[in-house]
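J.: Residue numbers (our numbering), protein chains in the order written: chain P, 705 to 1177; chain E, 2 to 94; chain A, 2 to 482.
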């Protein structure tokens, strides 16, 4: 099935103030309409003034995506009407976007390397936020909050190079990774990235799907769309070129009646703003770009002799990569890689917290200390995992946790005692094992582990148990 | 010459509902005004750049420093309909 | 009527009571048939006046340049806590939470806001007849228009209902009413005065400007309101106090204006004179010959591209306006009548009820000029013609220090005479719109009277050379018989 998907990604930039006014951008948990001024509320007579840092961030993003930067930037008005758009137009870019012609490399399904072309990168302001009592098609009225109005967005538009919903999701993940590396974006913030997707099958008409605001949502929305379009084609109907709204809760796309959404945007240059020349800033900004995910991954493989899988897992999130490098500078890089990419990451996912948040509880030095105990045999693998969990959940240092939870691995004498006790209490199991039931041994090992509260090394326990029981035969 | 259907389409684009008598009046008036505007076709503008900004300044930007916003009551003061700190809008569809 | 300079002087010396002055003004307004004001600020103004009288000897007060001077503000300029309507039904009851920069500047220098003056709805008109609040009448003849769109401000100054006034000029809206009402009105260079707080009609063309009965008052008001403002990206941040300094130095006798005017060259574009009525033409030539007597020289010039100016102006203005007025949807402020249906229907209905006919006309034309398929033919073409006109002014002003012509081709016409024919009203702006296209500064000063109706002389200067204009105007004012 010849599927063509293009994405328009809108990412909020981490400036202190909004794009065209000085309202604070720190609105995410605020009461409605408390981060609003005459300009972002669209009061008559108010005027916009461009935020310099926002432009710098925009240029940074464009450079990181390998784009060609324009010599100057001109803001345009895009005229349309919606309650969340206070002026009846959005200030955006049209004929002179910050950049065009870039490239992002992704590893698609099955590890295949793919190049996704970036058509253009431009800057614009976020509209406000609509809250429906119900859903867009059932609500009897809407409520509007302008806190978000005027937040700087960078819009990244791809060519229709993506071939599946999964690829689209992978692309977004990569894009997020790059933006976070640049320090201009924080993906955890609600609504920080919003996506519109264009999808067409077999070279047919394109449907545009709007209002996608999660990575899973992209895959779901596009999968739904493909099914919907396939069904239409199968019934001999045509796919209309239209705009559809993605409903996250129900997982479906809804047609928005075309007349309301027929647009003639009547773009013209924003008369209240003047052109901004940017060619002289490019080199300076280019020097500020840190090592990006692809480069870092290759370096990790070379420098730390890591596998591709580990390198991928460690470089996706910059905070994890940075954490890893500090740890790896102090203790065995390969061991560190396993324990961070496999274990720590797993614990983070389980708790749905980011590395950025986790760094408040667990420092690289703490992790190194824990790994040292492990290497010396002071704790078992299970003990190490316990320590990580405890640090994430309640904080504390490895040394304290070790002591308070009694995680120090015990010596052979202790194990002997435990084995002795367990064998005595579980004669039936011992008999089963002697009779040839191998599973009974697992049970006995488990009992010893329980008895020693996980402080015994399971391998050692198994070896000693077998020797003891076999020895008694 | 601008026809009534075109006026209706433009009125929709501009979101200004026009009465029938207004449409009739405008058909006549706007046609004569547009006829007058046609004088521009006589002006030779080959190789002439459009003037978007008559004074020609560039690079006006401001520092990224947050300043105090309006208070919620100030923001909502002129709102004809409001609810719990939000502006109340008609339903979309 | 006393001048602003005299008021400041009188208040500081204790010879004038600010409170009495304000009460006098309000009494005159209350008796008036002119309909100059939409909203009055009486309670606050009288209270402030009392305060001024009490504290006039304090150091801080003595430093204020407009101490106690009553100023009327056009209702397109935002005033914190005072209703601002743009003379439109759609903004009924709108109270801005902020002052326009020019208003803040006035207050800082001790001026007292008399009230908000009447105007054409959203500045769209040349006669103040499109106002939702009814027309303002010309103080010289109550059956005639005061000009527009700043008609309320001009009539108020002329009739003594204020001493100073602020207007705004997009295509002649300060100069036209100044001419029809016989006062001084100046449109600054585009980018000289901050537009922050001016409810936008055509952003790339308009400026707020001073209106007064004398040139020195005009200069003083211009100096105060041209404060530099970080909030307006289109304002040039240069320091230019040449205007008032110049005028004050003449008053103090430290400069000899008659010497300075010698050798000044005046260009007279024949295209402007040609379309005028005989009385206007005669008056303006008298003025030019007066300048000759004073030592200036003049030359007739031809500006061939001026014939495109009206079309170019209107297309640009209407296009920008159609976008600027899109925000009036009854959601955050303004009119919201009837039952809410769906967003698009409700919104269209509110705008239909809230906008007057001329506003609707311009929104439709402006939307049309920007729409797909017409953008190149209208909007873009108009911008290219603008370049031609701007260049032509710059050329003319290379050869001549200033240009002189009639402000309006005729004297004030009768109320109702042109309002039914929109195109005829647009054509009345023929002498003023080209100036806004070029962005150059221009003022109108009274130069004669015909059957009791004032005639205005328009002077045009180079970008940011308001001082040359004011000097020329001042010299003329001092020397008219």
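By construction, the Cβ of each residue, glycine as well, lies at the ideal position given by its N, Cα and C atoms.
Which residues in chain E have a C-beta closer than 7 Å to the C-beta of residue 739(P)? List them in chain order.
T.: To locate residue 739(P), count along the first chain from 1; it is residue 35. Chain E residues near residue 739(P): 70.
J.: Using a C-beta cutoff of 8 Å, does residue 713(P) count as contacting chain E?
T.: Residue mapping note: residue 713(P) aligns to position 9 of the first chain, counting from 1. Judged by the 8 Å Cβ criterion, residue 713(P) is not in contact with chain E.
J.: Leaving out the 5 sequence neighbours to the left and right, which residues in its chain are closer than 8 Å to residue 1052(P) when beta-carbon positions are compared?
T.: Residue mapping note: residue 1052(P) aligns to position 348 of the first chain, counting from 1. Cβ within range, chain order: 1058, 1059, 1062 and 1096.
J.: For the candidate residues 434(A), 93(A) and 271(A), whose alpha-carbon lies nearest to that of residue 79(E)?
T.: Within the second chain, residue 79(E) is the residue found at index 78, counting from 1. Ranking the options by Cα distance to residue 79(E), first place goes to 93(A).
J.: Would you mind working out which of 1098(P), 932(P) and 907(P) sits nearest residue 1055(P), comparing C-alpha positions?
T.: The residue labelled residue 1055(P) in the question sits at position 351 within the first chain. The shortest Cα separation from residue 1055(P) among 1098(P), 932(P) and 907(P) belongs to 1098(P).
J.: Quick check on residue 143(A): buried or exposed, where buried means 16 or more other Cβ atoms within 10 Å of its Cβ?
T.: Translated into the one-based positions of the third chain, residue 143(A) becomes position 142. Exposed, because fewer than 16 other Cβ atoms sit within 10 Å of the Cβ of residue 143(A).
J.: Under a three-way DSSP split, which group does residue 1177(P) fall into?
T.: By one-based count along the first chain, residue 1177(P) stands at place 473. Confidence in residue 1177(P) is poor, its pLDDT being 48 and thus under 50, which makes the residue's placement too unreliable to answer from.
J.: Look up residue 207(A) in the DSSP assignment and say whether it is helix, strand or coil.
T.: Counted from its first residue, the third chain places residue 207(A) at position 206. Looking at residue 207(A) - three-state DSSP - the assignment turns out to be coil, as it is neither helix nor strand.
J.: Examine chain E for any beta-carbon lying closer than 8 Å to the beta-carbon of residue 302(A), and answer yes or no.
T.: For the purposes of this step, residue 302(A) is identified with residue 301 of the third chain, where counting begins at 1. So, not an interface residue.
J.: Note the first and the last residue of the continuous alpha helix (DSSP H) segment covering residue 25(A).
T.: In the third chain, counting from the first residue as 1, residue 25(A) sits at position 24. Run containing residue 25(A): 19-32, per the alpha helix (DSSP H) assignment.
J.: Applying a beta-carbon distance threshold of less than 8 Å, which residues of chain P neighbour residue 208(A)?
T.: The residue given as residue 208(A) occupies position 207 in the third chain. Result: empty, since nearest Cβ-Cβ is about 13 Å, beyond 8 Å.
J.: Distance check for residue 2(A) and residue 161(A), CA to CA, integer angstroms please.
T.: Taking the third chain and counting its residues from 1, the one referred to as residue 161(A) is at position 160. Taking the third chain and counting its residues from 1, the one referred to as residue 2(A) is at position 1. Their backbone Cα atoms lie some 6 Å apart in a straight line.
J.: Over what stretch of residues does the beta strand (DSSP E) that includes residue 735(P) continue unbroken?
T.: On the first chain, residue 735(P) is found 31 positions in, with the first residue counted as 1. Element bounds for residue 735(P): n/a, residue is neither H nor E.
J.: Within the stretch 38-105 of chain A, note down every full beta strand (DSSP E) run reaching 3 residues or more, in order along the chain.
T.: 38-41 and 71-75
J.: List the residues of chain E that residue 980(P) touches, going by C-beta distances under 9 Å, in chain order.
T.: For the purposes of this step, residue 980(P) is taken as residue 276 along the first chain, with counting starting at 1. Those within 9 Å of residue 980(P) in chain E are 59, 60, 61 and 62.
J.: Can residue 362(A) and residue 322(A) be called in contact, C-beta distance under 8 Å?
T.: One-based indexing of the third chain puts residue 362(A) at position 361. One-based indexing of the third chain puts residue 322(A) at position 321. No, the Cβ-Cβ distance between residue 362(A) and residue 322(A) is not below 8 Å.
J.: Taking a Cβ distance cut-off of 8 Å, strictly less, list which residues of the stretch 733-767 of chain P are near chain E, in chain order.
T.: 735, 736, 737, 738, 739, 740, 741, 742, 745, 753, 754, 755, 756, 757, 758 and 759
J.: Whole angstroms are fine: how far does the CA of residue 9(A) sit from the CA of residue 365(A)?
T.: Within the third chain, residue 365(A) is the residue found at index 364, counting from 1. Within the third chain, residue 9(A) is the residue found at index 8, counting from 1. Rounded to whole angstroms, residue 365(A) to residue 9(A) spans 47 Å at the Cα level.
J.: According to DSSP, residue 708(P) sits in a beta bridge with which residue or residues?
T.: Here residue 708(P) refers to the residue found at position 4 of the first chain. Paired residues: 904(P).
J.: Evaluate contact between the stretch 63-80 of chain E and the stretch 747-763 of chain P, counting only Cβ atoms and requiring at least three cross-stretch pairs below 8 Å.
T.: yes
J.: Assuming residue 37(E) and residue 424(A) make a contact with CB atoms under 8 Å, what is their CB distance in whole Å?
T.: For this step, residue 37(E) is matched to residue 36 along the second chain. For this step, residue 424(A) is matched to residue 423 along the third chain. Between residue 424(A) and residue 37(E) the Cβ distance is about 6 Å, and since that is below 8 Å, they are a contact.
J.: For residue 675(P), which of 950(P), 832(P), 1043(P) and 868(P) has the nearest alpha-carbon?
T.: A query on residue 675(P) cannot be resolved here, the shown segment of chain P reaching from 705 to 1177 and no further.
J.: Measure how close the beta-carbons of residue 45(A) and residue 118(A) come, nearest whole angstrom, since I'm counting them as under 8 Å.
T.: Counting from one through the third chain, the residue named residue 45(A) turns up at place 44. Counting from one through the third chain, the residue named residue 118(A) turns up at place 117. Contact flag wrong, Cβ pair sits at about 16 Å.
J.: Could you tell me the alpha carbon to alpha carbon distance between residue 98(A) and residue 781(P), rounded to whole angstroms?
T.: Position 97 of the third chain, counting from 1, holds the residue named residue 98(A). Position 77 of the first chain, counting from 1, holds the residue named residue 781(P). Rounded to the nearest angstrom, the two C-alpha atoms are 25 Å apart.
J.: Whole angstroms is fine: what's the gap from residue 265(A)'s alpha carbon to residue 358(A)'s?
T.: Position 264 of the third chain, counted from the start, is the residue given in the question as residue 265(A). Position 357 of the third chain, counted from the start, is the residue given in the question as residue 358(A). One C-alpha to the other measures close to 46 Å.
J.: State the Cα-Cα distance for the pair residue 301(A) and residue 149(A), rounded to the nearest angstrom.
T.: Residue 301(A) sits at position 300 when you count from the first residue of the third chain. Residue 149(A) sits at position 148 when you count from the first residue of the third chain. Spanning the two alpha carbons is a distance of roughly 29 Å.
J.: Check whether chain A comes within 8 Å of residue 28(E), counting only Cβ atoms and requiring the distance to be less than that.
T.: Taking the second chain and counting its residues from 1, the one referred to as residue 28(E) is at position 27. So, not an interface residue.
J.: So, helix, strand or coil for residue 780(P), using DSSP?
T.: The residue given as residue 780(P) occupies position 76 in the first chain. Residue 780(P): strand per DSSP, three-state reduction.
J.: Residue 204(A) versus chain P: which residues are under 9 Å apart at the beta carbon?
T.: Counting from 1 along the third chain, the entry for residue 204(A) is found at position 203. Result: 751, 974, 975 and 976.
J.: For the alpha helix (DSSP H) containing residue 1089(P), name the first residue and the last one.
T.: Within the first chain, numbered from 1, the residue matching residue 1089(P) stands at position 385. Looking at the DSSP string, the run of the alpha helix (DSSP H) that includes residue 1089(P) is 1085-1098.
J.: Beta carbon of residue 776(P), beta carbon of residue 980(P): below 8 Å?
T.: The count along the first chain starts at 1 and reaches residue 776(P) at position 72. The count along the first chain starts at 1 and reaches residue 980(P) at position 276. Cβ distance < 8 Å, so residue 776(P) and residue 980(P) count as in contact.
J.: Identify each residue in the stretch 365-380 of chain A for which the Cβ-Cβ distance to at least one residue of chain P is less than 8 Å, and report them in chain order.
T.: 368, 371, 372, 373, 376 and 380
J.: Output needed for residue 197(A): all residues of its chain with C-beta closer than 7 Å, excluding positions within five of it in sequence on either side, in chain order.
T.: Along the third chain, read from residue 1 onward, the residue named residue 197(A) stands at position 196. Excluding positions up to five away in sequence, the list reads 101, 102, 230, 232 and 233.
J.: Can you have a look at residue 1177(P) and say buried or exposed, based on whether 16 or more other CB atoms are within 10 angstroms of its CB?
T.: Residue 1177(P) sits at position 473 when you count from the first residue of the first chain. Bear in mind that a pLDDT of 48 at residue 1177(P), under 50, signals an unreliable position, so the number given afterwards is only what the model happens to contain. With fewer than 16 other Cβ atoms within 10 Å, it is exposed.
J.: With DSSP as the reference, identify every bridge partner of residue 63(E), one or two as the case may be.
T.: Here the question's residue 63(E) lines up with position 62 in the second chain. DSSP lists 755(P) as partners of residue 63(E).
J.: Among all the DSSP beta bridges, which residues are the ones paired with residue 918(P)?
T.: What you label residue 918(P) is simply residue 214 of the first chain in a count that begins at 1. Answer by DSSP bridge pairing: none, since residue 918(P) is not bridged.
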